[in-house]
Amino acid sequence: MVKLVNLRLTFRALQDMSFPIYSGSALRGIFGKSLKRVSCLAKRESCFLCAVRGTCPYACIFENGNAPAGKNEEIPNPYVIEPMELGQKIIRRGEEFSFNCLLFGTAAEKISYVMLAWVKAGNLGFTSERTQARPVRIEQVCADNTRRLLYDFEQNDFPASTVETDYVVPSTQNVSALQVELKTPLRIQHDGHPVVPAKFTAQDFLLSLLRRQENMARHHVADYPRIDYPLLRTAISEAVIRFPNLHWFDWARYSSRQKKRIAMGGIMGDFVLEGNLSVLYPYLKMGELFHLGKGAVLGMGKYVVADIDTAEKTKK
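Residue numbers (this note's numbering): 2 to 317.
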């Protein structure tokens with residue numbers, strides 16, 4: 002088992018609000034501001050030299066990318082925000098809107114701070130116009146995609162449920178083909194340049210997802226199964242993409258730190274992944290939660306896999 006929590010957060014708009022075509026960046030920004038308010042003791046501009054950095058929930062969850070690391074190594078942040086579906090969203094006053102927040106390892110251990118931060122985020126405002134919303138409910142998304150109601154903020158007498166942080170990693174499965182659907186833009190970079198659909202390979206996909214899980218395990222998820230590259234090497238090298246139906250989705254986010262807009266476009270669509278996928282299956286399933294590629298904390302690189310009948314697919 003590993004420490005992992007998938008939260009479904011629902012709010013009710015107190016004013017008309019408009020979210021951009023990809024809302025992950027906006028949600029991440031307000032989450033960071035709210036988390037810092039509820040957990041920061043020193044009130045410093047930077048966490049880097051703070052004496053309580055090692056125990057502060059904000060620094061541990063949100064500021065790992067700015068921590069010193071080894072050569073060519075980036076320390077990931079142990080959370081993912083899965084925003085609303087792509088496309089500009091107009092939320093009218095009184096309407097509900099929902100999104101997910103996943104916490105891994107060290108972040109799951111600080112879930113009380115995370116939930117408090119999200120509850121208070123609505124007062125700060127979700128969009129660039131700082132339009133406000135109030136929390137309606139917090140649910141936990143279970144491994145079978147059912148939901149457990151944790152808090153109902155519109156029923157004062159509702160008893161709160163206990164959050165379950167233990168998550169069972171899927172076991173190996175005898176499978177040779179999987180349908181993969183990219184739900185949000187996947188941005189994988191080689192030599193500083195993004196991989197485009199025409200050059201996208203099974204090795205790009207598999208190595209990216211394994212490296213992200215390995216990196217997350219090294220820094221945040223101590224009980225994560227060891228990734229045995231010698232064991233997986235043959236399966237990775239022999240895997241192929243069939244029936245690609247891919248396109249490029251372009252968008253950009255504004256970085257308040259860099260004071261400029263940053264291109265965040267990526268690959269979307271679907272394809273069939275074929276090969277000896279049995280030993281890769283647990284990592285493919287866990288990758289649905291961890292995401293992969295650049296911008297994973299914003300919800301980029303989200304995909305789902307499903308079993309298919311390869312013979313029927315070939316006939317089409």
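Glycine residues also receive a C-beta, built at the ideal position from the N, C-alpha and C atoms.
Within the region 48–135, the runs of beta strand (DSSP E) at least 3 residues long that lie entirely inside it are, in chain order, 80–83, 90–92, 97–105. Counting C-beta pairs closer than 8 angstroms gives three or more between the region 100–107 and the region 6–23, which meets the contact rule.
Contact between Q89 and P21 holds, with the beta-carbon distance rounding to 6 angstroms and staying under 8 angstroms. The C-alpha of W252 is placed about 14 angstroms away from the C-alpha of P84. As computed with DSSP, D167 is found in a beta bridge with K4. Using a C-beta cut-off of 8 angstroms, the region 160–177 makes no contact with the region 203–217, since fewer than three inter-stretch Cβ pairs fall below that distance. In the pairwise beta carbon analysis, the region 263–276 is classified as touching the region 239–248: at least three pairs are separated by under 8 angstroms. In the DSSP annotation of this structure, A264 is not part of any alpha helix (DSSP H); the continuous beta strand (DSSP E) holding it starts and ends at 261–264. In the DSSP assignment, T11 forms a beta bridge with S99, R138.
In this structure I92 is in contact with M18, their Cβ atoms being roughly 5 angstroms apart against a cut-off of 8 angstroms. For I237, no pairing in a beta bridge is given by DSSP. Distance check between D229 and each of F49, C41, V280, H220 places V280 closest, using alpha-carbon atoms only.
In the structure shown, N216 falls within a helical segment according to DSSP collapsed to helix, strand and coil. When C-alpha distances from R219 are compared across L150, P77, Q180, V305, the shortest belongs to P77. Less than 8 angstroms separates the beta-carbon of G25 from that of L299. In the three-state scheme derived from DSSP, where H, G and I count as helix and E and B as strand, K295 is classed as coil.
At the C-beta level, I82 and L183 stay beyond 8 angstroms of one another.
In terms of Cα proximity to E64, the closest of A52, C48, T56 is C48. Annotated three-state conformation of Y152 is strand, per DSSP.
Closest option to R131, judged by alpha-carbon separation, among V115, K303, Q16, K295: Q16. When only Cα atoms are considered, C61 and K37 end up about 11 angstroms apart.
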